[in-house]
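I have placed the structure first, in the form of structure tokens, so that the comments after it can refer back to it.
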Amino acid sequence: MDNLLTKKKEKKDKDERQHRSEKKVSMPSFGKSAGSKSKDRTSNKQGPQTAPKPARFESTIESAPLVMYGSPSQSSGALLSTQIKLVVQDPSGQVTLTRWKRTLRAIETSKRPVHRDCKACTERVEILSEAEIISKPKTYSASDDNTVPFQHLFNGRLPASTVTQLGSVMYELVLEATTSEGQEITYQKELILHRAIPEGQLKSSIRIFPPTNLTGRVQLPPVVHPIGQFPVTMTLSGVVEKKPSASTRWRLRKLMWRVEEHSKVTSSPCSKHASKVPDGKAVQHTDTRVIGSDEIKSGWKTDFDTIGGEINIEFDASVATKPTHKPVCDMESASGISVTHNLVLELIVAEEFCANKNPSVITPTGAARVLRMQFGLNVTERVGMGISWDEEMPPVYEDVPDSPPGYGLPRRRSHDSAEAGAEILDYEGPELEYTDLERLPSTDPSMPPVYRERAEPTVPAIAEDGPSILTRRIGGFSLDDISAEHPAYRRRSSAEAESTDNAAEDIDYAEGSAN
Numbered sequence: 001m002d003n004l005l006t007k008k009k010e011k012k013d014k015d016e017r018q019h020r021s022e023k024k025v026s027m028p029s030f031g032k033s034a035g036s037k038s039k040d041r042t043s044n045k046q047g048p049q050t051a052p053k054p055a056r057f058e059s060t061i062e063s064a065p066l067v068m069y070g071s072p073s074q075s076s077g078a079l080l081s082t083q084i085k086l087v088v089q090d091p092s093g094q095v096t097l098t099r100w101k102r103t104l105r106a107i108e109t110s111k112r113p114v115h116r117d118c119k120a121c122t123e124r125v126e127i128l129s130e131a132e133i134i135s136k137p138k139t140y141s142a143s144d145d146n147t148v149p150f151q152h153l154f155n156g157r158l159p160a161s162t163v164t165q166l167g168s169v170m171y172e173l174v175l176e177a178t179t180s181e182g183q184e185i186t187y188q189k190e191l192i193l194h195r196a197i198p199e200g201q202l203k204s205s206i207r208i209f210p211p212t213n214l215t216g217r218v219q220l221p222p223v224v225h226p227i228g229q230f231p232v233t234m235t236l237s238g239v240v241e242k243k244p245s246a247s248t249r250w251r252l253r254k255l256m257w258r259v260e261e262h263s264k265v266t267s268s269p270c271s272k273h274a275s276k277v278p279d280g281k282a283v284q285h286t287d288t289r290v291i292g293s294d295e296i297k298s299g300w301k302t303d304f305d306t307i308g309g310e311i312n313i314e315f316d317a318s319v320a321t322k323p324t325h326k327p328v329c330d331m332e333s334a335s336g337i338s339v340t341h342n343l344v345l346e347l348i349v350a351e352e353f354c355a356n357k358n359p360s361v362i363t364p365t366g367a368a369r370v371l372r373m374q375f376g377l378n379v380t381e382r383v384g385m386g387i388s389w390d391e392e393m394p395p396v397y398e399d400v401p402d403s404p405p406g407y408g409l410p411r412r413r414s415h416d417s418a419e420a421g422a423e424i425l426d427y428e429g430p431e432l433e434y435t436d437l438e439r440l441p442s443t444d445p446s447m448p449p450v451y452r453e454r455a456e457p458t459v460p461a462i463a464e465d466g467p468s469i470l471t472r473r474i475g476g477f478s479l480d481d482i483s484a485e486h487p488a489y490r491r492r493s494s495a496e497a498e499s500t501d502n503a504a505e506d507i508d509y510a511e512g513s514a515n
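All residue numbers for the sequence shown refer to full-length UniProt numbering, where the first residue is 1 and numbers rise by one.
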């Protein structure tokens, strides 16, 4: 019986497999193979191919990175110097342009606009500079150097390039051209504009925590950078309160710090969607995120013996503690986009009781407090050498003083100092007097030479009572000078001796009195 049931089941499974195989039979392809089908699918996905452009644009920035040094009120801006080149790609080697326009613009985008699908509500474009490079049709050849220079000075009050959670600020160089055949050629290049504020003196802040006597003093650098660490020094004073019988003191248990980034954007509606906002005003959005944080449970110094007691701690903090946290520098634009940073310190202190008779016995009271302090951080890019464009550029025409006269050129116009000159004439006056100097010998060849007045030659003198004596100068002195008697040892006459004795009698050498 079991054999009959097994045979019926196998027959049923065989029929089902045959039925499924019949369904899998595909329709015959008329003249097309399987490979051609796959090619057709890929060709449909690629879509229609566009014709190559007859020309394209290239730009080369010759200036230094665009960095505005100093605050917006003190910065002199950033100088952009670039070369714009037209590269002809047409097979004929020539292309004719009827229009060529250059535009430098600033684009501020709101990621939370009043109406999401409206470009006017999302973007705000400000034209910084624009110009028509050609005023009439012009033909350019591939063999020529079709380069056009372009320079622009960014105002120091402009906001730096920024991308936040709520909005962004970017700068673009746009080139637009139209060929004689009506083809449009466009080129866009993003320009990154930074701001760097130089470092200064340390910034000190004091925080008081009533009703206790605790006082916190914190020293921070004036500016911090998105990448790297910055030192933080804190002193907590007033931790000991002495009483006649006992003293109460606060002991630090844990310190927590974090860096908060506050973004703000103001979304203004366009004329079409002004009715969606009450009274047609703008809508302000804010966002706060923690980009750096850490906990410190040891490493501070506690001194309960000084008056009031002190707790000193020094540690290094960073703006961003994870690579995924991409911090943004502080900025503020006129349209309402701003970014600020704060450093928040939280200290957990526990109260202890200590008797004056037995100071070694410390009893925790169970009371604890959280001391919270908040300080503003100025996050900016690194200054580097800190040389702005106006300090490294050569002087302009107005800064150059009057040039010296052109010697050897005939005098032309007296009112034109640049072309005025003077003739060189020979001196025909009397002979000029000068001192004849002789060089002294020196043992050190590295020392500068030393000169002295040359001695005048002497002539032989005829004495009245004897033969002529030839005087020689030895070391700058003559023989008469050497043989002469010194005035201090000269023999005095009797009259001179008496006058000297009389003068000595006028001197009184009496003893003084001591009271």
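The beta carbon of each residue, even a glycine, is placed where N, CA and C say it ideally should be.
Name the DSSP beta bridge partners of residue i, please?
| i | result |
| --- | --- |
| residue 373 | 345 |
| residue 151 | 81 |
| residue 391 | Paired residues: none, contrary to the question. |
| residue 250 | 351 |
| residue 446 | In DSSP, residue 446 forms no bridge with anything. |
| residue 128 | Partner(s): none; residue 128 has no beta bridge. |
| residue 399 | According to DSSP, residue 399 bridges with nothing at all. |
| residue 219 | 204 and 233 |
| residue 339 | 263 and 331 |
| residue 312 | 235 and 301 |
| residue 167 | 110 |
| residue 194 | 67 |
| residue 199 | Residue 199 is not bridged to any residue. |
Out of the options, which has the shortest C-alpha to C-alpha gap to residue i?
| i | options | result |
| --- | --- | --- |
| residue 62 | 400, 389 and 303 | 389 |
| residue 252 | 347, 123, 454 and 290 | 347 |
| residue 115 | 215, 173, 189 and 283 | 283 |
| residue 270 | 434, 121 and 155 | 121 |
| residue 217 | 226, 202 and 233 | 233 |
| residue 285 | 101, 447, 446 and 112 | 112 |
| residue 320 | 148, 124, 225 and 437 | 225 |
| residue 291 | 316, 309, 260 and 298 | 260 |
| residue 295 | 189, 277, 382 and 254 | 254 |
| residue 58 | 306, 192, 150 and 329 | 150 |
| residue 315 | 326, 323, 153 and 293 | 293 |
| residue 162 | 311, 324, 152 and 108 | 108 |
| residue 106 | 308, 356 and 123 | 123 |
| residue 364 | 229, 220 and 354 | 354 |
So, is residue i buried or exposed, given that buried needs 16 or more other C-beta atoms within 10 angstroms?
| i | result |
| --- | --- |
| residue 275 | exposed |
| residue 443 | exposed |
| residue 416 | Below a pLDDT of 50, predicted positions are generally treated as unreliable, and residue 416, at 47, falls in that range; the measurement from the model is reported next regardless. Exposed, because fewer than 16 other Cβ atoms sit within 10 Å of the Cβ of residue 416. |
| residue 425 | exposed |
| residue 330 | buried |
| residue 449 | exposed |
| residue 539 | Given a span of 1 to 515 for the chain in the structure shown, any question on residue 539 remains unanswerable. |
| residue 310 | buried |
| residue 55 | buried |
Could you compute how far the alpha carbon of residue i sits from the alpha carbon of residue j?
| i | j | result |
| --- | --- | --- |
| residue 336 | residue 110 | 10 angstroms |
| residue 452 | residue 439 | 7 angstroms |
| residue 68 | residue 83 | 21 angstroms |
| residue 130 | residue 227 | 36 angstroms |
| residue 433 | residue 74 | 59 angstroms |
| residue 396 | residue 132 | 27 angstroms |
| residue 158 | residue 126 | 11 angstroms |
| residue 377 | residue 338 | 14 angstroms |
| residue 138 | residue 94 | 10 angstroms |
| residue 370 | residue 303 | 20 angstroms |
| residue 60 | residue 399 | 30 angstroms |
| residue 435 | residue 402 | 37 angstroms |
| residue 118 | residue 287 | 23 angstroms |
| residue 367 | residue 241 | 15 angstroms |
| residue 268 | residue 256 | 39 angstroms |
| residue 344 | residue 183 | 58 angstroms |
| residue 325 | residue 318 | 11 angstroms |
**Item:** Stretch pair the region 131–149 + the region 85–94: three plus CB contacts closer than 8 angstroms
**Value:** yes
**Prompt:** For the region 204–215 against the region 144–163, are there 3 or more C-beta pairs whose distance is under 8 angstroms?
**Reply:** no
**Asked** Does the count of Cβ pairs from the region 175–188 and the region 89–105 closer than 8 angstroms reach three?
**Response** yes
**Prompt:** Do the region 235–254 and the region 354–369 meet, that is, are 3 or more Cβ pairs less than 8 angstroms apart?
**Reply:** yes
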